[in-house]
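Asker: As they're listed, the protein sequences go chains A and B.
Residues -14 to 161, numbered by my numbering, are exactly what the first sequence covers, in order.
Residues 5 to 195, numbered by my numbering, are exactly what the second sequence covers, in order.
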Amino acid sequence: MKGSGALGALAVNFLILSLLAFGGANAVIPEMQRQAVEVQHWMTGAQFATLFAIAQTAPGPNVMVVTLVGWQVGGVLGAAVATAAMMGPSWVLTFAVFRAWDKFKYQPWCMAIQNGLAPVTVGLVASSAFLLARDADRDTIAFGLTAATAALAYWTRLNPLWAFGAAAIVGIAGFS
Amino acid sequence: MTAEVQPSRSVPVQSPTLSDLFLHFMLISAVAFGGVLPWARRKLVEERRWLTEREFLDTLALCQFLPGPNIVNLSIAVGARFRGLPGSIAAFLGILGLPCFIVVILGALYSRYGNLPAVGGGLLAVSAAASGMILAMAGKIATPLLRRRPFESAPVIAAVFVAVALLRLPLPWVLLVAAPVSMGISFLRRP
């Protein structure tokens, strides 16, 4: 548990991330990781990858990793601060814009924004995968798990929990 | 966004109350493993019939247009649509309350037992699998883009990946350059 300085840093970090999160939470994983590991030194890369894994195995939106990072830094209060900071700005925006949306969604400039953001999002989500894999894949078995899950999730409609469960069994067997 | 011919709601529905919004968004979050959107669609369109398919897709497009977690934005927009500000708060607390509680419990278990080699090894293996799932997600969004507009999208995807994943540049700067450039390309070369 750290002091109010860490809570302030959490709040500022996630307020900014909230406004950058075009394409959802998975698009800002690289920046979240850069801040938490390289800039603020809240945790190691492996710890971040583990928190991400915990968030993925729990039900609910994938933004839950934010709550866990906050919790790791400042306990329950940190979790609340990080979650509120991540949700606040996008809440205000959604609330402000949703009534006007019907009027401008088919305007050329609006379509250009949507079409323009899409490849940026792909680049960001691919970066997330790369950085998480870099910290999690310490041996060929882990690398194999990444590749197998990617293939399963891309080509089948299997619930990813099955892949996570199989990976957990492999991991436990390999380390005990 | 396909404009399928959709009959209007087959059963007329009353607009949801605050406790309906809270309860049903919580039920969505409770079952939503590995991505909330399919579950949200099923609940809102098929089961409760608060939205038609078309309304759901339109609202989703808005949520993808704005920054922030899509599904959270969706709960805010749906709550606000039926019950204004209180509705958006009810739906928001519904979608986030239970998952927040669950991950904090899991986090506490992790900090207590994470040092055990078996637990640590298991979790690291799951994180390897989770990164594979994110990779597949990138592939799934990339495939239609690359098929439809390869020359506009591939350079942007590659440049963002190099800047963020390899050079580790701060995201605000990357977005400040990449977003306007990519929007400009798609405006100039609009179909």
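We put the CB at the ideal spot given by N, CA and C, even for glycine.
1. Using a beta-carbon distance below 9 Å, is Met(-14)/A in contact with chain B?
2. Please report the straight-line C-alpha distance between Leu70/B and Ala129/B, rounded to a whole angstrom.
3. Please compile the residues from chain A whose C-beta is within a distance smaller than 7 Å of the C-beta of Asn74/B.
4. For a test of the three-state rule: what should DSSP assign to Val48/A, helix, strand or coil?
5. Is there at least one Cβ from chain B nearer than 9 Å to Trp27/A's Cβ?
6. Using three-state DSSP, classify Gln32/A as helix, strand or coil.
7. At a CB distance below 9 Å, what residues from the stretch 37 to 57 of chain A approach chain B? Give them in sequence order.
8. Please name the residue, chosen from Ala81/A, Met71/A, Ala38/A and His26/A, that lies closest to Ser92/B on a Cα-to-Cα basis.
9. With three or more beta-carbon pairs closer than 8 Å as the criterion, would you say the stretch 68 to 79 of chain A touches the stretch -13 to 6 of chain A?
10. Against Gln99/A, what residues of chain B qualify as contacts under a CB-to-CB distance less than 8 Å, listed in chain order?
11. In terms of residue numbering, what span does the alpha helix (DSSP H) encompassing Ser19/B cover?
12. Verify the CB distance criterion: does Ala162/B have a CB-CB separation below 9 Å to chain A?
13. For Val160/B and Thr29/A, what's the separation of their Cα atoms in angstroms?
14. Within 10 Å of its beta-carbon, does Trp177/B have 16 or more other beta-carbons around it, so buried, or fewer, so exposed?
15. Just to make sure I have the definition right: I need the residues of chain B whose C-beta is within less than 7 Å of the C-beta of Lys88/A. Which are they?
16. Please confirm whether Arg194/B and Ala97/A have their CB atoms less than 9 Å apart.
17. Anything in the stretch 99 to 120 of chain A with a Cβ closer than 7 Å to a Cβ of chain B? List those residues in chain order, please.
18. Below 8 Å on C-beta distance, what does Ala94/B contact in chain A?
19. Under 9 Å between C-beta atoms, does Val66/A make it to chain B?
20. Assign Gln25/A to one of three DSSP states: helix, strand, or coil.
21. 9 Å is my cut-off, CB to CB: does Asn119/B come that close to chain A?
22. Which residues, in order along the stretch 23 to 51 of chain B, keep a beta-carbon less than 8 Å from a beta-carbon of chain A?
Answerer: The short version:
1. Counting from 1 along the first sequence, the entry for residue -14/A is found at position 1. Summary for Met(-14)/A: the model assigns pLDDT 46, below 50, so the residue's position carries little reliability; its value from the coordinates is reported in the next sentence. Not an interface residue.
2. Taking the second sequence and counting its residues from 1, the one referred to as residue 70/B is at position 66. Taking the second sequence and counting its residues from 1, the one referred to as residue 129/B is at position 125. Each residue's Cα considered, the two are about 33 Å apart.
3. The count along the second sequence starts at 1 and reaches residue 74/B at position 70. Residues of chain A passing the Cβ test: Gly9.
4. Residue mapping note: residue 48/A aligns to position 63 of the first sequence, counting from 1. It is coil, neither helix nor strand.
5. Residue numbering aside, residue 27/A sits at position 42 when the first sequence is read from its first letter. No, its Cβ sits nowhere closer than 9 Å to a Cβ of chain B.
6. Here the question's residue 32/A lines up with position 47 in the first sequence. If DSSP states are grouped into helix, strand and coil, Gln32/A belongs with the helices.
7. Phe37, Ala38, Ile39, Ala40, Gln41, Thr42, Ala43, Pro44, Gly45, Pro46, Asn47, Val48, Met49, Val50, Val51, Thr52, Leu53, Trp56 and Gln57
8. Numbered from 1 along the second sequence, position 88 holds the residue referred to as residue 92/B. Looking at the Cα atoms, Ala81/A is the closest of the given residues.
9. yes
10. Translated into the one-based positions of the first sequence, residue 99/A becomes position 114. By Cβ distance, chain B contributes Ala65, Gln68 and Phe69.
11. Locating residue 19/B in the second sequence gives position 15, where the first residue counts as 1. Careful: Ser19/B lies outside any alpha helix (DSSP H) and carries neither H nor E.
12. Residue numbering aside, residue 162/B sits at position 158 when the second sequence is read from its first letter. At least one chain A Cβ lies under 9 Å of Ala162/B.
13. Counting from 1 along the second sequence, the entry for residue 160/B is found at position 156. Counting from 1 along the first sequence, the entry for residue 29/A is found at position 44. So the two alpha carbons sit approximately 30 Å from each other.
14. Numbered from 1 along the second sequence, position 173 holds the residue referred to as residue 177/B. Exposed, since its Cβ has fewer than 16 Cβ neighbours within 10 Å.
15. Here residue 88/A is taken as the residue at index 103 of the first sequence, counted from 1. Neighbours of Lys88/A on chain B: none; closest Cβ ~12 Å, over 7 Å.
16. Translated into positions along the second sequence, residue 194/B becomes position 190. Translated into positions along the first sequence, residue 97/A becomes position 112. Yes, the Cβ-Cβ distance between Arg194/B and Ala97/A is below 9 Å.
17. Gln99, Asn100, Gly101, Leu102, Ala103, Pro104, Val105, Thr106, Val107, Gly108, Leu109, Val110, Ala111, Ser112, Ser113, Ala114, Phe115, Leu116, Leu117 and Ala118
18. Reading the second sequence from its first residue, position 90 is the one you call residue 94/B. Under the 8 Å cutoff, chain A gives no residues; its nearest Cβ is about 13 Å from Ala94/B.
19. Numbered from its first residue, the first sequence carries residue 66/A at position 81. No, no contact with chain B.
20. Taking the first residue of the first sequence as position 1, residue 25/A is located at position 40. DSSP places Gln25/A in coil when its eight states are reduced to three.
21. The sequence position of residue 119/B within the second sequence is 115, counting from 1. Asn119/B does not count as touching chain A.
22. Ser33, Ala34, Val35, Ala36, Phe37, Gly38, Gly39 and Val40
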